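Below is one structure, written out as structure tokens, with a few remarks after it.
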Amino acid sequence: MKDHEVELLLRHRDGQADAGQSAKVNELLRRDPEARAMLRSLAVQATAMADLAATLRIQSPPQRPLLPVSASRWKAMRPWLSAAAMVMLLGIVIPQELRREPAVLTLMVVHGAVSWTNDHGELQSDLADGAVLRAGTLATENDEAVAEARFADGTRLMLGGGTRLTFSDSGQKRLMLHEGTFTAEVKPQPAQRPMLVRTTTAAMEVLGTVFTLGNTADQTLLNVDQGRVQLKRLVDGGTAQVTADQSVRASIDNAASLKVEPQPESSFHWRTDLTSPPEGWKGTWLPQDGTTPNRMAAVPRLVGNGVNPSSATHYCVMVGYLGQRLAQIRPESVVNVRYRTRQPATLRVFVNLCVDHRWAGNFEQAVSSNEHPADKDGWRQASVRFADMQRMIVQPRDLPPQADVMMMFLSSYERAVGLEVAEISITSQP
Amino acid sequence: MALTHPEIIRTLLAARPRLLAAAWVVVADAHLAEDIFQTVSVRAMEPELEFASEPALLSWAHVVARREGLQWLRKHRRESVGLDEDVLELVESEWVLTSVEQTSREAEMLAECLKTVSEASRRLLELRYFEDRSCGEVADVIGCGLDAVYQRLSRLHRALKTCIETRIAQNEPQLGT
Chain A
66 MKDHEVELLL RHRDGQADAG QSAKVNELLR RDPEARAMLR SLAVQATAMA DLAATLRIQS
126 PPQRPLLPVS ASRWKAMRPW LSAAAMVMLL GIVIPQELRR EPAVLTLMVV HGAVSWTNDH
186 GELQSDLADG AVLRAGTLAT ENDEAVAEAR FADGTRLMLG GGTRLTFSDS GQKRLMLHEG
246 TFTAEVKPQP AQRPMLVRTT TAAMEVLGTV FTLGNTADQT LLNVDQGRVQ LKRLVDGGTA
306 QVTADQSVRA SIDNAASLKV EPQPESSFHW RTDLTSPPEG WKGTWLPQDG TTPNRMAAVP
366 RLVGNGVNPS SATHYCVMVG YLGQRLAQIR PESVVNVRYR TRQPATLRVF VNLCVDHRWA
426 GNFEQAVSSN EHPADKDGWR QASVRFADMQ RMIVQPRDLP PQADVMMMFL SSYERAVGLE
486 VAEISITSQP
Chain B
240 MALTHPEIIR TLLAARPRLL AAAWVVVADA HLAEDIFQTV SVRAMEPELE FASEPALLSW
300 AHVVARREGL QWLRKHRRES VGLDEDVLEL VESEWVLTSV EQTSREAEML AECLKTVSEA
360 SRRLLELRYF EDRSCGEVAD VIGCGLDAVY QRLSRLHRAL KTCIETRIAQ NEPQLGT
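Here the protein sequences come in this chain order: A and B.
All residue numbers for the first sequence refer to this note's numbering, where the first residue is 66 and numbers rise by one.
All residue numbers for the second sequence refer to this note's numbering, where the first residue is 240 and numbers rise by one.
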């Protein structure tokens, strides 16, 4: 088996192969016993290394040798290795100033303005991938920021933009979502010590599941994708069991029913003409007036973290609500916006995507109003193919073959240009 | 006589490295493979199921692991990492010709072989498999291109495979001795 064939196999396993390459991989495995043996070996290697990582509770590998003892003694020494790894983490890997409290989260992905604070008034605003965090509050400072973090047991959290989440783990994970959204992939927790999650309006116990939580001052929206979550509404103590593909909304209004419903289906076609004020969007909704249709007027939003010199104010209409999927998108999909401005302007079309509950990138495309002829009332139509949009940072590198749109917006840059949006849609051209 | 629950548990635990690897072949995700193994273990205890022998149990476990994996891929629209079902069956059919102890020995020898890799290679493996980062992320951390990461990983996996096979062969009892 040739080197490039092993490479192709690896790319395919990572979901990086296109349809033609996938067909080649299948054909290679069909005809070549050596390729099948390589695949089996890859499987053993990948799972054995993951097993080893889980056992050693790896947090900061650069300072720690992979396997400090011979394999023949490995099984017998497993408990000691775990203890030794913990001692190393506390005594060597974690800097002196972090020794007062144990590390709780490791940041896997940081994009945009992300900060950490704790009760002692410490603040870190220059967080990067691989940072180890003690108990505290993690915040994504603006709508474009994203953070993915992992507990030692592999439980993952993905924070969407504008989120503040307080976390701790003293043998039992506790989360408090102050505002914003996060998705959690929770590894099985001990039955007596479920993960506890609080918001302003609800409390949840989680044993092992995948769910997304969105919170505002007056309501919480829980979407469960796998497993089961028990939710208690704080205003009256009402409870709901939410299972896979279901959602529930807990508000401060105890007259509202605590109704568990199927999650809304998302599809490749989505459209709104703003017939009513959309819940949770950013912008000012304006009703139809004569020949002027229902519309949203842009409002200011902060870009950057407010401290950074590169911070600026843009004016946007943002679509997205409490972590719910808006639609699905694929490279041939087209984002269409009917809009108008008081003066010629360059605008940003932006989408935030997830694949399998994990952030799959932010994409944007600049469009000029000069390229779109206006009708007699000044309305213009912009259509942007997803395949033509630019990824905002280098990772993840490739355009996903399909993804969930979690949030999108149209904005002007620093100037307020009287941007109004009358219709937004995502269409797919197979 | 059917296997008892303790026998089922013992058999599945002994075959865990094999079943994890088999699930990984389907879903290409080590954590998910562990979830699938746990699901298979729980289902094996269902009262209506009876297994006449260990091979019967293992054969059933392979099939259920594959089915669970394929279902997950479909549900999460990750078919792109999946392999054609006939290919999966082929890979599996060759696997069951070897003992489950063989896979366990491979996992054990891997630990030995990891000690022999260079510091740079060790770092690469740690980022990719211990920290569960994507190859794109690994490329950014170590400051090289994505293609280079895949090339280095490919060579590394081949070298580890050779090392594992060599060590197993060295530890096999020699004929005539």
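All residues carry an ideal CB built from backbone N, CA and C; glycine is no exception.
Since this is a predicted model, take the numbers as computed values, not measurements.
Return the chain-ordered list of same chain residues with a C-beta closer than 7 Å to the C-beta of T246(A), the five sequence neighbours on each side being excluded. Taking the first residue of the first sequence as position 1, residue 246(A) is located at position 181. So the qualifying residues of the chain are G225, T228, T277, L278, G279, L387, G388.
Find the residues of chain B that neighbour E72(A), judging by a C-beta separation of less than 7 Å, and give them in chain order. The sequence position of residue 72(A) within the first sequence is 7, counting from 1. Within chain B, the residues near E72(A) are Y389, Q390, S393.
Could you check the C-alpha separation between L329(B) and L73(A) for me, to the nearest Å? The residue labelled residue 329(B) in the question sits at position 90 within the second sequence. The residue labelled residue 73(A) in the question sits at position 8 within the first sequence. When rounded, the distance between both Cα atoms is 19 Å.
Give the range of the alpha helix (DSSP H) segment to which A452(A) is assigned. As a position in the first sequence, residue 452(A) is number 387, starting the count at 1. Per DSSP, A452(A) belongs to no alpha helix (DSSP H) and is neither H nor E.
Would a check of beta-carbon distances place L363(B) closer than 8 Å to chain A? Mapped onto the second sequence, residue 363(B) falls at position 124. Output row for L363(B): interface = no.
Just mark E318(B) as buried or exposed, buried being the case when its beta carbon has 16 or more other beta carbons within 10 Å. Stepping through the second sequence from its first residue, residue 318(B) is reached at position 79. So E318(B) ends up on the exposed side.
Rounded Cβ spacing between L351(A) and A363(A) (contact assumed at less than 8 Å): Here residue 351(A) refers to the residue found at position 286 of the first sequence. Here residue 363(A) refers to the residue found at position 298 of the first sequence. Not really, about 11 Å apart at Cβ, beyond 8 Å.
What is the DSSP secondary structure of T489(A), reduced to helix, strand or coil? Translated into the one-based positions of the first sequence, residue 489(A) becomes position 424. The sequence shown places Ile at residue 489(A), not Thr. Correct three-state label for I489(A): strand.
Alpha carbon to alpha carbon, how far is A387(B) from R96(A)? Counting from 1 along the second sequence, the entry for residue 387(B) is found at position 148. Counting from 1 along the first sequence, the entry for residue 96(A) is found at position 31. Approximately 27 Å, taken between the alpha carbons.
Verify the CB distance criterion: does F369(B) have a CB-CB separation below 8 Å to chain A? Indexing the second sequence from 1 puts residue 369(B) at position 130. Interface residue, yes.
Per-residue burial, S373(B) [other beta carbons within 10 Å of its own, 16 or more giving buried]: By 1-based counting over the second sequence, the position of residue 373(B) is 134. Counting Cβ neighbours within 10 Å, S373(B) comes out buried, since at least 16 surround it.
What do you get for M284(B), buried or exposed, if any count of 16 or more other CB atoms within 10 angstroms of its CB means buried? Counted from its first residue, the second sequence places residue 284(B) at position 45. M284(B) should be labelled exposed.
Going along chain A, which residues have a C-beta under 7 Å from V374(B)? For the purposes of this step, residue 374(B) is taken as residue 135 along the second sequence, with counting starting at 1. Sequence inspection shows Cys at residue 374(B); the Val mentioned does not correspond to that position. The contacting residues are D79.
Which residues in chain A have a C-beta closer than 7 Å to the C-beta of T342(B)? List them in chain order. Within the second sequence, numbered from 1, the residue matching residue 342(B) stands at position 103. Those within 7 Å of T342(B) in chain A are V109.
Could you pull the start and end residues of the alpha helix (DSSP H) that A268(A) belongs to? Indexing the first sequence from 1 puts residue 268(A) at position 203. Premise fails: A268(A) lies in the beta strand (DSSP E), 267 to 271, not in any alpha helix (DSSP H).
Helix, strand or coil: how does DSSP classify A193(A) here? As a position in the first sequence, residue 193(A) is number 128, starting the count at 1. A193(A) falls in the coil class under three-state DSSP.
Per-residue contacts from A272(B) into chain A (C-beta, under 9 Å): Numbered from its first residue, the second sequence carries residue 272(B) at position 33. Within chain A, the residues near A272(B) are A108, A111, T112, A115.
In the DSSP assignment, find the alpha helix (DSSP H) that holds L353(B) and state where it starts and stops. As a working note, residue 353(B) is residue 114 in the second sequence. L353(B) -> alpha helix (DSSP H) spans 339 to 353.
With S360(B) as the anchor, note down where its alpha helix (DSSP H) starts and where it stops. Here residue 360(B) refers to the residue found at position 121 when the second sequence is read from its first residue. First-last of the alpha helix (DSSP H) with S360(B): 358 to 364.
Is the Cβ-Cβ distance between S343(B) and P256(B) less than 8 Å? Along the second sequence, read from residue 1 onward, the residue named residue 343(B) stands at position 104. Along the second sequence, read from residue 1 onward, the residue named residue 256(B) stands at position 17. Yes. Within cutoff.
Coil, strand or helix - R164(A) by DSSP: Position 99 of the first sequence, counting from 1, holds the residue named residue 164(A). With a pLDDT of 40 at R164(A), under the threshold of 50, the modelled position of that residue is not reliable, and the figure given next carries that caveat. Coil at R164(A), not helix or strand.
Given this structure, state the Cα-to-Cα distance separating S332(A) from M471(A), to the nearest angstrom. For this step, residue 332(A) is matched to residue 267 along the first sequence. For this step, residue 471(A) is matched to residue 406 along the first sequence. Computed Cα separation, rounded: 13 Å.
Contact defined as beta carbons within less than 8 Å: I believe V420(A) pairs with A452(A). What is the distance between those atoms, to the nearest angstrom? Against the first sequence, residue 420(A) aligns to sequence position 355. Against the first sequence, residue 452(A) aligns to sequence position 387. In fact, because the Cβ distance is near 16 Å, the residues do not count as touching under 8 Å.
For a contact meaning CB atoms closer than 8 Å, what does Q467(A) contact in chain B? On the first sequence, position 402 is the one that residue 467(A) refers to. Correct list: R316.
Beta strand (DSSP E) runs contained entirely in the region 292 to 355 of chain A, provided each spans 3 or more residues: 293 to 298, 304 to 308, 311 to 316, 335 to 337, 349 to 351
Check the Cβ-Cβ distances between M471(A) and every residue of chain B, and say whether any is below 8 Å. Counting from 1 along the first sequence, the entry for residue 471(A) is found at position 406. No, its Cβ sits nowhere closer than 8 Å to a Cβ of chain B.
Taking 8 Å as the threshold (beta carbon to beta carbon), is V279(B) in contact with chain A? In the second sequence, residue 279(B) corresponds to position 40, counting from 1. Chain A, which has no Cβ nearer than 8 Å to the Cβ of V279(B), makes this no.
Should the region 342 to 351 of chain A be called in touch with the region 184 to 204 of chain A, which here means at least 3 C-beta pairs below 8 Å? no
By the criterion of Cβ-Cβ separation under 8 Å, what are the contact partners of L170(A) in chain B? Numbered from its first residue, the first sequence carries residue 170(A) at position 105. Those within 8 Å of L170(A) in chain B number zero; the least Cβ separation is about 13 Å.
Contact with chain A by T243(B), beta-carbon distance below 8 Å: Taking the second sequence and counting its residues from 1, the one referred to as residue 243(B) is at position 4. It does not; no Cβ of chain A falls within 8 Å.
Positions along the region 291 to 309 of chain B whose CB lies within less than 7 Å of some CB in chain A: none
Would A346(B) count as contacting chain A if we go by Cβ distances under 8 Å? For the purposes of this step, residue 346(B) is taken as residue 107 along the second sequence, with counting starting at 1. For A346(B), the answer is yes, since a Cβ of chain A falls inside 8 Å of its Cβ.
Tell me, to the nearest whole angstrom, how far the beta carbon of S360(B) is from that of L322(B); I am working on the premise that it is less than 8 Å. Numbered from 1 along the second sequence, position 121 holds the residue referred to as residue 360(B). Numbered from 1 along the second sequence, position 83 holds the residue referred to as residue 322(B). S360(B) to L322(B), Cβ: 27 Å. No contact.
Taking the beta strand (DSSP E) that N207(A) belongs to, which residues open and close that run? Within the first sequence, the letter at position 142 stands for residue 207(A). Unbroken run through N207(A): none, as it is neither H nor E.
Please list, in chain order, the chain A residues whose beta carbon lies closer than 9 Å to that of P256(B). In the second sequence, counting from the first residue as 1, residue 256(B) sits at position 17. Going along chain A in sequence order, the residues near P256(B) (Cβ under 9 Å) are V109, T112, A113, D116.
Mind checking if A359(B) is an interface residue toward chain A, Cβ cutoff 8 Å exclusive? Translated into the one-based positions of the second sequence, residue 359(B) becomes position 120. Not one chain A Cβ lies under 8 Å of A359(B).
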